[in-house]
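Below is one structure, written out as structure tokens, with a few remarks after it.
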Amino acid sequence: MSFAAGEHVRVRAMFPMGHVRTPFYVRGKAGVIERVVGRFDNPEQLAYGRSGDKKMLYRVRFAQRDVFPDTPSANDTIDVEIYEHWLEKA
Amino acid sequence: MSTTHDHPHAHHPDHHLPSNYYEKLTTAVIEILVEKKMFRAEEVQRAIEKMEERLPDRGARMVARAWIDPEFKKRMLADGSAAMRELDMDPGDMLLTAVENTPQVHNVIVCTLCSCYPRMLMGPPPAWYKSRPYRARVVREPRKVLAEFGLQLGDDVTIRVHDSSADLRYVVLPMRPAGTEDWSEERLASIVTRDSMVGVADVRLTAP
Chain A
1 MSFAAGEHVR VRAMFPMGHV RTPFYVRGKA GVIERVVGRF DNPEQLAYGR
51 SGDKKMLYRV RFAQRDVFPD TPSANDTIDV EIYEHWLEKA
Chain B
1 MSTTHDHPHA HHPDHHLPSN YYEKLTTAVI EILVEKKMFR AEEVQRAIEK
51 MEERLPDRGA RMVARAWIDP EFKKRMLADG SAAMRELDMD PGDMLLTAVE
101 NTPQVHNVIV CTLCSCYPRM LMGPPPAWYK SRPYRARVVR EPRKVLAEFG
151 LQLGDDVTIR VHDSSADLRY VVLPMRPAGT EDWSEERLAS IVTRDSMVGV
201 ADVRLTAP
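Here the protein sequences come in this chain order: A and B.
With the first letter of the first sequence counted as 1, position 7 gets the number 7 in the numbering used here; the numbers rise by one all the way through.
With the first letter of the second sequence counted as 1, position 169 gets the number 169 in the numbering used here; the numbers rise by one all the way through.
Shown next, in the form of structure tokens:
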């Protein structure tokens, strides 16, 4: 599934074993595609010495408040780079 | 690790002995690869030196150029790695992304998963950048963390935290302080600090 800048997405709430580069704190959280970064070798395969499949990488912008509901500022954001297979339409 | 050696090793008087599993593993792998002549110990040493000789003053040069040249600033914000090449700095395969501070927006960089940092521009990260408290807290309570660094931001300023979770590396383009309008590029570069390019400080002419 591919996404465009401005699209609303949700990070899949998956908890696989092993090396992944999706921080725990954004799993299951909704955000907006800030930009499409490009295609990169999947680090989840590279970490084990395999050649990585190309995966689309996105920068997803989360409202601070959506990630940590007890934070005081409504406008603050966290931008995280997330691979396509971790995202679904929100 | 072998305990007897018939070949010379680079000597590291300041380096503590391997103490945990991964340090031992790293040392063992390096020793095996040296023994198998994949590379020489001096080459490992040279690679470390090359990493450590990169200093934040390269980033400071880039910031100063962006302050005096609006067209360069546009190119830097569009493609940080290309902007490095323009200044005869080698970004390697690093994809540098510059984010600009304004009176309305303040950017700060972290790598919550490990210690990703724009090393090709600024050398190794400071110890606090790699510490668990900074990595855990700056996404959770950025205003409090920045205040501890001495940076009080008003509610009218939006904070953008950038988590270097994958392939991009970030540098903050801090705001040019007032009172520097007639300064040369070199003089401007001299006041740009490492911390201001990570986003935990502003560039100031005098201490607060």
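Where is the CB? At the ideal position from N, CA and C, for every residue including glycine.
None of these values were measured; they are calculated from a predicted model.
Would residue i pass as a contact of residue j if the rule is Cβ separation under 7 Å?
i        : j        : result
Met56/A  : Arg35/A  : no
Val200/B : Phe149/B : yes
Ala66/B  : Glu185/B : no
Arg21/A  : Ser165/B : yes
Pro118/B : Leu95/B  : no
Asp177/B : Leu205/B : Inspection of the sequence shows that residue 177/B is occupied by Pro rather than by Asp. Closer than 7 Å, so yes.
Arg135/B : Val110/B : yes
Gly59/B  : Val171/B : yes
Arg75/B  : Ala189/B : no
Val34/B  : Ala41/B  : yes
Ile78/A  : Val60/A  : no
Could you compute how far the alpha carbon of residue i sits from the alpha carbon of residue j?
i        : j        : result
Gly28/A  : Met89/B  : 40 Å
Val109/A : Ile159/B : The requested residue 109/A does not occur in the structure, where chain A is confined to residues 1 to 90.
Leu55/B  : Gln45/B  : 18 Å
Glu31/B  : Asn101/B : 46 Å
Thr180/B : Pro70/B  : 16 Å
Ile48/B  : Pro126/B : 16 Å
His222/B : Glu81/A  : Because chain B is modelled from 1 through 208, residue 222/B falls outside the range shown and cannot be assessed.
Arg140/B : Pro23/A  : 13 Å
Asn107/B : Pro69/A  : 21 Å
Val11/A  : Asp155/B : 28 Å
Ser2/B   : Thr71/A  : With a pLDDT of 46 at Ser2/B, under the threshold of 50, the modelled position of this residue cannot be trusted; read the value that follows with caution. If you take the alpha carbons of Ser2/B and Thr71/A, they lie about 53 Å apart.
Ala47/A  : Glu23/B  : 18 Å
Pro14/A  : Leu146/B : In the sequence as presented, Pro is not what sits at residue 14/A; that position holds Met. Distance between the alpha carbons of Met14/A and Leu146/B: 32 Å.
Lys36/B  : Thr26/B  : 15 Å
Arg169/B : Phe39/B  : 29 Å
Arg30/A  : Ala5/A   : In the sequence as presented, Arg is not what sits at residue 30/A; that position holds Ala. If you take the alpha carbons of Ala30/A and Ala5/A, they lie about 14 Å apart.
How should residue i be labelled, buried or exposed, when 16 other C-beta atoms within 10 angstroms of its C-beta is the threshold for buried?
i        : result
Gly123/B : buried
Trp86/A  : buried
Ala74/A  : exposed
Pro103/B : exposed
Lys50/B  : exposed
Lys73/B  : buried
Tyr21/B  : exposed
Asp182/B : exposed
Ala90/A  : exposed
Ala98/B  : buried
Pro142/B : buried
Assuming residue i and residue j form a contact by the criterion Cβ under 8 Å, report the distance between their Cβ atoms to the nearest whole angstrom.
i        : j        : result
Phe62/A  : Val26/A  : 6 Å
Tyr129/B : Val198/B : 7 Å
Gly52/A  : Asn42/A  : 4 Å
Ser2/A   : Glu88/A  : Not really, about 12 Å apart at Cβ, beyond 8 Å.
Requested in this report: Just list the beta strand (DSSP E) runs in the stretch 14-54 of chain A, keeping only unbroken ones of 3 residues or longer that don't cross its boundaries, in chain order.
Outcome: Within the stretch 14-54 of chain A, the complete beta strand (DSSP E) runs of at least 3 residues are 30-41.
**Report entry** Secondary structure, alpha helix (DSSP H): runs of 4+ residues fully inside the stretch 5-74 of chain B
**Finding:** Fully enclosed alpha helix (DSSP H) runs of 4 or longer: 21-35, 41-53 and 57-68.
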